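Residue numbers (this note's numbering): 147 to 693.
Idealized CB from N, CA, C, for every residue including glycine.
Note that the structure is predicted; figures quoted are calculated from it, not measured.
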């Protein structure tokens, strides 16, 4: 949802009086980019081998990695989109926060520790331990790159729209130049700094986002004497919907389709998080599985605190700003948080409002840069380690060659993201992010869980699960309202949709699990003695032999 949020968000900035705002915004942008590039160069000098480049030398503590995971996970959608959903839909909007947070329990209980023990740098390492290397690494690499590209495209389009609106750029050439510049900065982060540089960028971004959100939360609560009941009451009254604003059913449950669609989205969010490539590789940056578990606990605490603060942002916007004003600025409510910041800073045209507005803009931009760096690193690492080193070179590549391939892949993937971002600038990219979560939950998660916990799982099962989940989710989204048939579709002028749900998770996720089971049952058991599974089980549970 990140790209859609940022693409549609902040429309009001283009129509506000941004003369003094622009100076502040450009200054903050420049300071952040210059500082993080300096950190990246510093980290790059410490990158000596493949472990440094892919996993940051496994040198990060649980707290540091927890912050970095938070920085990777808390997107502009969290800051802008959820606040807007709450401001317009009350209780139902807050369900997004719950879904994003609950997703971490799946990662903590099922994935974090076994994955850290079983793999080396990528998801493909876990699968290849028990199965035929070349086919499963190819499938894992393809899935990782597809998920990352969809997510990455959403970020690039969002970055172009955000910065163009903030700087008052209306020409297509100017917007395209912004996309190119964001892509170049992203490529520099990854090629120079590797995992160390990217991790520090994510840590800095997480701290900025938490501090920015905390400041606005405190200012909002101060308006209501730090009385939550008073805040919620004012929000209900100002919304024009009364007590219904604080009860379920305002947005979801109106029709049976909307209810099913929400269930489908919720399943994709909760299960997809544990299969997102840029989240999975974070578990390899710590020295032990225990530290990986601690980092997830830290992440749950940080992310949980952040999502609690979205209550103040969303209901604060509902209490202090008329819904008509929010909707006029952006129909989806994505400008609620910026409008709130400007309001509590003193209102439009005030110095305080301009400062808070510039601060939120810089934080949103920092969020985009940190997330695109993580996505680029995940996809380039998978290409170099899974496809180049183990499939193309059949394990004969040196570490130096592998790192060179990863850097070349980062440039190539960055270039693809830039080109697609330029051509997709006018599209609604909500479907791209929904697809990223759906593919991760439909293809990656079933394969990981089967590989770790099912003795009978085979290479054919892994291939059917990954490719089947990938195809099913892409196919259903192509014929959903996300692509055609609605004003908010990618192509609103045509209508060839027949699948009623905007998120395919309800169908594609069970399909991924079923195909993994069916493929395994229809193929010969490659590990009839259970020896390889027993070795992986011991390794995943105890860490014996882990890198």
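{"Asked": "Thinking C-beta only, is residue 587 closer than 9 angstroms to residue 665?", "Found": "no"}
{"Asked": "Could you name the residues of the same chain whose beta carbon sits closer than 6 angstroms to that of residue 604, not counting the 5 residues immediately before and after it, in chain order?", "Found": "666, 669 and 672"}
{"Asked": "Classify residue 637 as helix, strand or coil using the three-state DSSP reduction.", "Found": "strand"}
{"Asked": "Spatial neighbours of residue 499 within its chain, please: C-beta separation below 6 angstroms, excluding the five flanking residues on both sides.", "Found": "488, 491, 492 and 493"}
{"Asked": "How many whole angstroms separate the CB atoms of residue 344 and residue 519, which I take to be in contact at a CB cut-off of 8 angstroms?", "Found": "5 angstroms"}
{"Asked": "Could you please give the first and the last residue of the uninterrupted alpha helix (DSSP H) stretch that includes residue 381?", "Found": "374-385"}
{"Asked": "Can you tell me whether residue 176 is buried or exposed? The criterion is at least 16 other CB atoms within 10 Å of its CB, across all chains shown.", "Found": "exposed"}
{"Asked": "Could you compute how far the alpha carbon of residue 340 sits from the alpha carbon of residue 182?", "Found": "13 angstroms"}
{"Asked": "Out of 432, 460, 219 and 328, which has the shortest C-alpha to C-alpha gap to residue 384?", "Found": "460"}
{"Asked": "Can you have a look at residue 186 and say buried or exposed, based on whether 16 or more other CB atoms are within 10 angstroms of its CB?", "Found": "buried"}
{"Asked": "With 16 as the cutoff for other CB atoms within 10 Å, does residue 610 come out buried or exposed?", "Found": "buried"}
{"Asked": "Take residue 506 as the anchor and find which of 214, 351, 192 and 437 has the nearest alpha-carbon.", "Found": "351"}
{"Asked": "Evaluate residue 373 with the Cβ neighbour count: other Cβ atoms within 10 Å of its Cβ, from every protein chain shown; 16 or more gives buried, anything less gives exposed.", "Found": "exposed"}
{"Asked": "Can you give me the start and stop residues for the alpha helix (DSSP H) that residue 341 sits inside?", "Found": "318-369"}
{"Asked": "Given this structure, state the Cα-to-Cα distance separating residue 597 from residue 377, to the nearest angstrom.", "Found": "48 angstroms"}
{"Asked": "Going by beta-carbon coordinates alone, are residue 552 and residue 529 separated by less than 9 angstroms?", "Found": "yes"}
{"Asked": "How about residue 363 and residue 455: do their beta carbons lie closer than 9 angstroms?", "Found": "yes"}
{"Asked": "What does the Cβ neighbour count give for residue 516, buried or exposed, with the cut at 16 atoms within 10 Å?", "Found": "buried"}
{"Asked": "According to the neighbour-count rule (16 or more other Cβ atoms, all chains shown, within 10 Å of its Cβ), is residue 426 buried or exposed?", "Found": "buried"}
{"Asked": "At the level of alpha carbons, what is the spacing between residue 296 and residue 321?", "Found": "20 angstroms"}
{"Asked": "Given this structure, state the Cα-to-Cα distance separating residue 472 from residue 380, to the nearest angstrom.", "Found": "16 angstroms"}
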